[in-house]
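**Q** Numbering (the UniProt record's numbering), first residue to last: 1 to 684. Note that beta-carbon positions come from the ideal geometry of N, C-alpha and C, so glycine has one too. Following this message is one structure expressed as structure tokens.
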Amino acid sequence: MSKAVVIGAVVVVGVGVVGGGGYYYVSQQAEKKFQEKIELIKSSFPGVAITYADHHINVFSQETTIDKVVLKDKDNTVYTADKVSAVLGSEYEIKKLNIDKLAIKKERDTEAPFTIGYIEIANAKADAGWIVLEDGKIKKIVPSKISFGLLNIQNFRFKDKYSPEFKITQYQMKNYGLDQKTDILLKDFTSKDGRNDFSIGSFNIDQVNLAEISKRQEEFFADENNYRSVNAVTNGLIQQLSTMQFSTLNVENLQYKDAYNTTFKMAQYQIKEYGLDKKTDILLKDLSIKDRKDDFSLGAFNINQINLADIVKSQAEYSVGENNHRSLNDEFKRVFHTLSMVQFNLFSIDNLQFKDYNSAFKIAQYQMKDYGVGRKTSQSLKDFSVNIPIYNKIAVSLASYENSGVDLATIMKVFGSQSFDLNNLNDLSKKMRDVQQEYIRKLGGIQGVTKAAGFKFSVGEDFASLGTLTVNSNLDKQGKSDQTYAFDNLEFSVLDSNYGEYWDIFRQMGYKTISASGSVNVQYQNDTNGLSVSLNNLVFKDIGKINATLQGNIPLDIVYRSPESILSNPNAKFKEFSVVIQNTGIFERLLKLGSQKQGKTEAEVKESMVSSVKEVMQGQKEIPASFAEDTVKTLESFMQNPQKTEIQFSSLPAAPISAANINDKSPTELFGMFNLKIQAVPVK
Numbered sequence: 001m002s003k004a005v006v007i008g009a010v011v012v013v014g015v016g017v018v019g020g021g022g023y024y025y026v027s028q029q030a031e032k033k034f035q036e037k038i039e040l041i042k043s044s045f046p047g048v049a050i051t052y053a054d055h056h057i058n059v060f061s062q063e064t065t066i067d068k069v070v071l072k073d074k075d076n077t078v079y080t081a082d083k084v085s086a087v088l089g090s091e092y093e094i095k096k097l098n099i100d101k102l103a104i105k106k107e108r109d110t111e112a113p114f115t116i117g118y119i120e121i122a123n124a125k126a127d128a129g130w131i132v133l134e135d136g137k138i139k140k141i142v143p144s145k146i147s148f149g150l151l152n153i154q155n156f157r158f159k160d161k162y163s164p165e166f167k168i169t170q171y172q173m174k175n176y177g178l179d180q181k182t183d184i185l186l187k188d189f190t191s192k193d194g195r196n197d198f199s200i201g202s203f204n205i206d207q208v209n210l211a212e213i214s215k216r217q218e219e220f221f222a223d224e225n226n227y228r229s230v231n232a233v234t235n236g237l238i239q240q241l242s243t244m245q246f247s248t249l250n251v252e253n254l255q256y257k258d259a260y261n262t263t264f265k266m267a268q269y270q271i272k273e274y275g276l277d278k279k280t281d282i283l284l285k286d287l288s289i290k291d292r293k294d295d296f297s298l299g300a301f302n303i304n305q306i307n308l309a310d311i312v313k314s315q316a317e318y319s320v321g322e323n324n325h326r327s328l329n330d331e332f333k334r335v336f337h338t339l340s341m342v343q344f345n346l347f348s349i350d351n352l353q354f355k356d357y358n359s360a361f362k363i364a365q366y367q368m369k370d371y372g373v374g375r376k377t378s379q380s381l382k383d384f385s386v387n388i389p390i391y392n393k394i395a396v397s398l399a400s401y402e403n404s405g406v407d408l409a410t411i412m413k414v415f416g417s418q419s420f421d422l423n424n425l426n427d428l429s430k431k432m433r434d435v436q437q438e439y440i441r442k443l444g445g446i447q448g449v450t451k452a453a454g455f456k457f458s459v460g461e462d463f464a465s466l467g468t469l470t471v472n473s474n475l476d477k478q479g480k481s482d483q484t485y486a487f488d489n490l491e492f493s494v495l496d497s498n499y500g501e502y503w504d505i506f507r508q509m510g511y512k513t514i515s516a517s518g519s520v521n522v523q524y525q526n527d528t529n530g531l532s533v534s535l536n537n538l539v540f541k542d543i544g545k546i547n548a549t550l551q552g553n554i555p556l557d558i559v560y561r562s563p564e565s566i567l568s569n570p571n572a573k574f575k576e577f578s579v580v581i582q583n584t585g586i587f588e589r590l591l592k593l594g595s596q597k598q599g600k601t602e603a604e605v606k607e608s609m610v611s612s613v614k615e616v617m618q619g620q621k622e623i624p625a626s627f628a629e630d631t632v633k634t635l636e637s638f639m640q641n642p643q644k645t646e647i648q649f650s651s652l653p654a655a656p657i658s659a660a661n662i663n664d665k666s667p668t669e670l671f672g673m674f675n676l677k678i679q680a681v682p683v684k
């Protein structure tokens, strides 16, 4: 046998002998510490009794395993566990704690109302003062003085005869503590009591500063003044929300149903990247609320890149200076100020529907993009409809709507800087002008485009519809406004005789519907109050065509006043007016109808029309003879070739006419002042 082998054998035997003694010593020390922990629990909670079937201590891993544990407190509440295994550290440290099949019940109960299948805690630490005991009972736990790497609870159940049954498949928290970001997971939560059912498929929130929030809550409630009222508590909660941070909050498959068959369902609700100076994404999918009468559903709701925490912070700062006697004007200013602070890339709603017994409301999609101060916002709406069963069924629908080019947030900011007297329309109109001018001063002008298509309004069988409407708005920094309204396929049904004899005449001429297209241009010069309105190629299918212009001076501060105040204002002036009317079918139908009713030829009907006009003109002594004669001549010329002759009616005063100067004028004088003319000319 070599020397090396002998030396090796001696070392092995020596280690075994020494190690055996060391193992025995360490085991004794571990057992002693175990018994000290048991006694500490008993002394901390007077009246507590602890029993167990067996226990084992692994001196190498320092893990203690206890089987069939039973703990009973002085209130006869019994805690049982099949197995408890733990690795303890210092006085306030648990490196590892596993509990299998925990149950809690009163001693007299046959069944435990509270059970947990499995509990796991890892790397838990606590600072002094983390728990406050009084008379053997836990008076308070201070969450901010606790930290742990893992808390995992599985198969939680609570049910007694006085409350609903609660079940949780899993609840887990990772990395809880100050200066740590916590992950929280909840799976399969249910609450049932035989009448009301509530469930959540899953809930998780990641990277949340939960311990910091807990600490701020502790500091808040340490001052009694902070919860002196519901408002004070609410304001405190808002402040706490503004300091929260997390990367993701996600809720899936939330459902509620009550005994009256009211149901609430939500497939998903998600918030990403919440916190100060962060841009947050919010998503909601498949929300529905139903009861026996009403049915509400929302396919999806999105807000992308919104400064949500900053908005919450602004509300918290506002609430600190709370004044219970704020005026309505102050509330409006607060709302506008808040809206001016909001920023987001996208706000969208998809498949919004509401139905009751007969009514229905639907929006396929609404979107707002690029909202925020200094950004040009766009809006769009698709497939909007409303049906209301009032008297005859009322239905309103719009296929699409688009608007772009306006900085809405800046408008909100300007509104927030104004004080409005809502009971004074004159002041309101002035403030609206101030808002407009302030917006122009900030941005140098307004350029916007609005488009709408597929509009329809119906009451029973009667309807009005519009193919397309396009509005181009331009307001420059000099105060010149230029707006054009272009539309086509404006169509409405001809009403029956119950709505007036004129509608009945259209029906008798064979018109079941009337359709039109054209455009209107409105220009206004702010510094001169100059107004120009033109109606361009307003075409009524199979009826006629109209072109018209109007020019004058209309001060903006009288827009909201009564007509009497406009007529008495010396700055309101009329410059010129013209109307050109062209026949495209109505005159022929009118002749045919007159011929049928009167039993005359169309030529005889024409003669009768001219005679009637002559008689009317001659009977009106206030009408100048020259104008009456021109009217008759115009009608005669038109009748000779109605398809190729148009009627022109105009007013071109020698000088602008002040509205205040026409109040005391006779009709004859007015005809002279306005220089009214009428004539028939060939169609160009």
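Do K362 and S385 count as a contact pair if the criterion is CB distance below 9 Å?
**A** Here residue 385 corresponds to residue number 385 of the sequence shown, with the count starting at 1. Here residue 362 corresponds to residue number 362 of the sequence shown, with the count starting at 1. Result yes, Cβ atoms of S385 and K362 sit closer than 9 Å.
**Q** Could you check how far apart the C-beta atoms of V533 and V522 are, in whole angstroms? I think they sit under 8 Å.
**A** As a working note, residue 533 is residue 533 in the sequence shown. As a working note, residue 522 is residue 522 in the sequence shown. Indeed, because the Cβ distance is near 5 Å, the residues count as touching under 8 Å.
**Q** Apply the 10 Å Cβ neighbour rule to V683 and answer buried if 16 or more other Cβ atoms are within range, or exposed otherwise.
**A** Numbered from its first residue, the sequence shown carries residue 683 at position 683. Per the 10 Å Cβ criterion, exposed.
**Q** Using the Cβ count rule (16 or more neighbours within 10 Å means buried), how would you classify F415?
**A** Counting from 1 along the sequence shown, the entry for residue 415 is found at position 415. Buried: at least 16 other Cβ atoms inside 10 Å.
**Q** Start and end of the alpha helix (DSSP H) containing T77?
**A** Stepping through the sequence shown from its first residue, residue 77 is reached at position 77. T77 -> not in any alpha helix (DSSP H); beta strand (DSSP E) instead, spanning 77-88.
**Q** My understanding is that K573 touches S658, with C-beta atoms under 8 Å, so please give their C-beta distance in whole angstroms.
**A** Within the sequence shown, the letter at position 573 stands for residue 573. Within the sequence shown, the letter at position 658 stands for residue 658. Between S658 and K573 the Cβ distance is about 5 Å, and since that is below 8 Å, they are a contact.
**Q** Ends of the beta strand (DSSP E) at I116?
**A** For this step, residue 116 is matched to residue 116 along the sequence shown. Its beta strand (DSSP E) spans residues 114-126.
**Q** Provide the residue(s) that pair with A464 in DSSP beta bridges, ordered along the chain.
**A** Taking the sequence shown and counting its residues from 1, one reaches residue 464 at position 464. Its beta-bridge partners are F457, F492.
**Q** Compare the C-alpha of K477 against each of G594, W503, Y439, L97 and name the closest.
**A** Working through the sequence shown from its first residue, we reach residue 477 at position 477. The candidate whose alpha carbon is nearest that of K477 is Y439.
**Q** For G585, does the three-state DSSP call read helix, strand or coil?
**A** Within the sequence shown, the letter at position 585 stands for residue 585. In the structure shown, G585 sits in coil (DSSP, three-state: anything other than H, G, I, E or B).
**Q** Alpha carbon to alpha carbon, how far is A680 from N498?
**A** By 1-based counting over the sequence shown, the position of residue 680 is 680. By 1-based counting over the sequence shown, the position of residue 498 is 498. Taking the straight line joining both Cα atoms gives about 35 Å.
**Q** Runs of 4 residues minimum, wholly inside the segment 572-616: which ones carry the alpha helix (DSSP H) assignment?
**A** For the segment 572-616, whole alpha helix (DSSP H) runs of length 4 or above, ordered along the chain, are 586-598.
**Q** With a cut-off of 8 Å on the beta carbons, I'd call T64 and F34 a contact; round off their distance for me.
**A** The residue you call residue 64 lines up with position 64 of the sequence shown. The residue you call residue 34 lines up with position 34 of the sequence shown. Correct: roughly 6 Å between the Cβ atoms.
**Q** Going by DSSP, what residue range makes up the beta strand (DSSP E) through R157?
**A** Residue 157 sits at position 157 when you count from the first residue of the sequence shown. Start and end: 146-158.
**Q** Pick out whichever of Y256, G372, A259 has its Cα sitting closest to the Cα of I311.
**A** Walking along the sequence shown from the start, residue 311 turns up at place 311. It is G372.
**Q** Report buried or exposed for Q582, applying the criterion of at least 16 other Cβ atoms within 10 angstroms of its Cβ.
**A** On the sequence shown, position 582 is the one that residue 582 refers to. The residue in question, Q582, is buried, as its Cβ has 16 or more Cβ neighbours within 10 Å.
**Q** Would you report the Cα separation of G454 and Y502, rounded to the nearest angstrom?
**A** As a working note, residue 454 is residue 454 in the sequence shown. As a working note, residue 502 is residue 502 in the sequence shown. The straight-line gap from Cα to Cα measures roughly 28 Å.
**Q** Using C-beta distances below 7 Å, list every residue in its chain close to Q598, excluding the 5 sequence neighbours before and after it, in chain order.
**A** As a first step, residue 598 must be located in the sequence shown, where it is residue number 598. Result list for Q598: V605, in chain order.
**Q** For L339 versus A395, is the C-beta spacing smaller than 9 Å?
**A** Here residue 339 refers to the residue found at position 339 of the sequence shown. Here residue 395 refers to the residue found at position 395 of the sequence shown. Taking 9 Å as the Cβ cut-off, L339 and A395 do not qualify as a contacting pair.
**Q** When DSSP builds the beta bridges, which residues end up paired with D54?
**A** What you label residue 54 is simply residue 54 of the sequence shown in a count that begins at 1. Paired residues: D67.
**Q** Have a look at N152 and I388 and give me their C-alpha separation to the nearest angstrom.
**A** Counted from its first residue, the sequence shown places residue 152 at position 152. Counted from its first residue, the sequence shown places residue 388 at position 388. Distance between the alpha carbons of N152 and I388 is about 53 Å.
**Q** Can you find the residues in the same chain that come closer than 6 Å, C-beta to C-beta, to Y256, ignoring five residues on each side of it along the sequence?
**A** Counting from 1 along the sequence shown, the entry for residue 256 is found at position 256. These residues qualify, in order along the chain: F198, F264.
**Q** Looking at the strands, I want to know which residues DSSP matches up with S199.
**A** Sequence index remark: in the sequence shown, residue 199 carries index 199 (1-based). Paired residues: T190, Q255.
**Q** Please name the residue in E273, F220, K167 whose C-alpha comes closest to that of residue 717.
**A** Since the first and last residues shown for the chain are 1 and 684, residue 717 lies out of range.
**Q** Taking the runs of the beta strand (DSSP E) that are 3 residues or longer, which of them lie wholly in the segment 247-304?
**A** You should have 263-274, 280-290.
**Q** By the DSSP assignment, the beta strand (DSSP E) with F361 in it spans what residues?
**A** As a working mapping, residue 361 is identified with position 361 in the sequence shown. Unbroken beta strand (DSSP E) run through F361: 360-371.
**Q** In the structure shown, what three-state DSSP assignment does D206 receive?
**A** If you number the sequence shown from 1, residue 206 lands on position 206. Three-state DSSP puts D206 in a strand.
**Q** By the DSSP assignment, the beta strand (DSSP E) with Q551 in it spans what residues?
**A** Residue 551 sits at position 551 when you count from the first residue of the sequence shown. That run of the beta strand (DSSP E) goes 544-553.
**Q** For the beta strand (DSSP E) containing Y176, list its first residue and its last residue.
**A** One-based indexing of the sequence shown puts residue 176 at position 176. Taken as a continuous stretch (DSSP letters only), the beta strand (DSSP E) holding Y176 covers 165-176.
**Q** Could you tell me which residues DSSP pairs with S380 in its beta bridges?
**A** Taking the sequence shown and counting its residues from 1, one reaches residue 380 at position 380. Paired residues: Q367, E402.
**Q** Please report the Cβ distance between G479 and N526, rounded to the nearest whole angstrom; I am assuming they are in contact, meaning their Cβ atoms lie under 8 Å.
**A** For the purposes of this step, residue 479 is taken as residue 479 along the sequence shown, with counting starting at 1. For the purposes of this step, residue 526 is taken as residue 526 along the sequence shown, with counting starting at 1. About 3 Å; that satisfies the 8 Å criterion.
**Q** DSSP state of Q217, grouped into three classes?
**A** What you label residue 217 is simply residue 217 of the sequence shown in a count that begins at 1. In the structure shown, Q217 sits in a helix (DSSP, three-state: H, G or I).
**Q** When DSSP labels each residue in this structure, what does V414 get in the three-state scheme?
**A** Here the question's residue 414 lines up with position 414 in the sequence shown. Here V414 sits in helix by DSSP.
**Q** Starting from N102, follow the alpha helix (DSSP H) in both directions and report where the run begins and ends.
**A** As a position in the sequence shown, residue 102 is number 102, starting the count at 1. The question names Asn, but residue 102 in the sequence shown is Leu. Counting along the chain, L102 falls outside any alpha helix (DSSP H), though it belongs to the beta strand (DSSP E) covering 93-106.
**Q** Would you kindly report the start and end of the unbroken alpha helix (DSSP H) that includes S242?
**A** By 1-based counting over the sequence shown, the position of residue 242 is 242. From DSSP, the alpha helix (DSSP H) with S242 extends over 230-243.
**Q** Would you mind sorting D183 into buried or exposed? The rule is 16 or more other CB atoms within 10 Å of its CB.
**A** Sequence index remark: in the sequence shown, residue 183 carries index 183 (1-based). By the neighbour-count rule (16 or more Cβ atoms within 10 Å), D183 is buried.
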